[in-house]
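In the numbering used here, the protein residues as written are 10 to 223. Note that beta-carbon positions come from the ideal geometry of N, C-alpha and C, so glycine has one too. Taking it in order: structure first as structure tokens, then the write-up.
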């Protein structure tokens with residue numbers, strides 16, 4: 010790729026990240042081209058359609074998300090690592106509508122396998138450490154994490170224009186519910202969700218959530 014073409018690609022990705030963060034993934038390539046200060050034809054030369062652009066941006070942002078998760082894993086205190094994981098990822102998706110939709114609402118994304126491969130070992134280790142230290146209740150499993158993150162992301166999505174930090178209130182309530190250092194824990198009547206069911210839930214939820222394209 011020529012140097013000018015590479016620069017244009019980076020400009021397009023940067024503009025797409027900003028536009029998608031504010032408007033979600035329904036933003037058009039015309040809007041992204043205008044935000045980048047480029048002609049829409051230049052965008053189409055780099056990306057054949059919006060789906061291709063979303064995939065490229067999704068994989069780029071995945072590196073940032075994985076870095077945040079790895080930072081939580083590096084925390085020596087196991088409860089601080091767990092709370093840091095929730096805090097970092099919830100804050101990221103709360104501030105970025107496009108990333109929320111890419112991570113949560115696009116079950117057929119080619120990047121989903123990459124998310125799973127990079128995130129599952131980190132989440133699994135953080136959960137195991139917190140349970141071994143007696144901080145995290147023993148009946149919570151790593152597949153609960155995407156479900157809990159989705160709950161926080163949903164609060165953030167619907168309150169973003171009114172109280173953009175309101176999700177933090179529910180994070181505090183959620184974390185108290187995960188603590189093992191209590192004698193009155195309520196038994197979980199439903200078995201934990203498994204990875205196949207996680208994918209099925211995301212397919213159903215993503216289909217219902219997706220908005221029509223203008």
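Annotated three-state conformation of residue 145 is strand, per DSSP. Linking residue 134 to residue 187 through their CA atoms gives a straight-line distance of about 16 Å. Secondary structure at residue 70: helix, using DSSP grouped into helix, strand and coil. Note that the C-beta distance between residue 26 and residue 110 is not below 7 Å. Where residue 182 is concerned, the enclosing alpha helix (DSSP H) starts and stops at 176-187. Residue 30 and residue 105 do touch by the CB rule: their CB atoms are close to 4 Å apart, below 8 Å. The three-state secondary structure of residue 17, taken from DSSP, is helix. Here residue 201 is exposed. Its C-beta has fewer than 16 other C-beta atoms within 10 Å.
Straight through space, the alpha carbons of residue 96 and residue 180 are spaced by roughly 8 Å.
The Cβ-Cβ distance between residue 18 and residue 55 falls below 7 Å.
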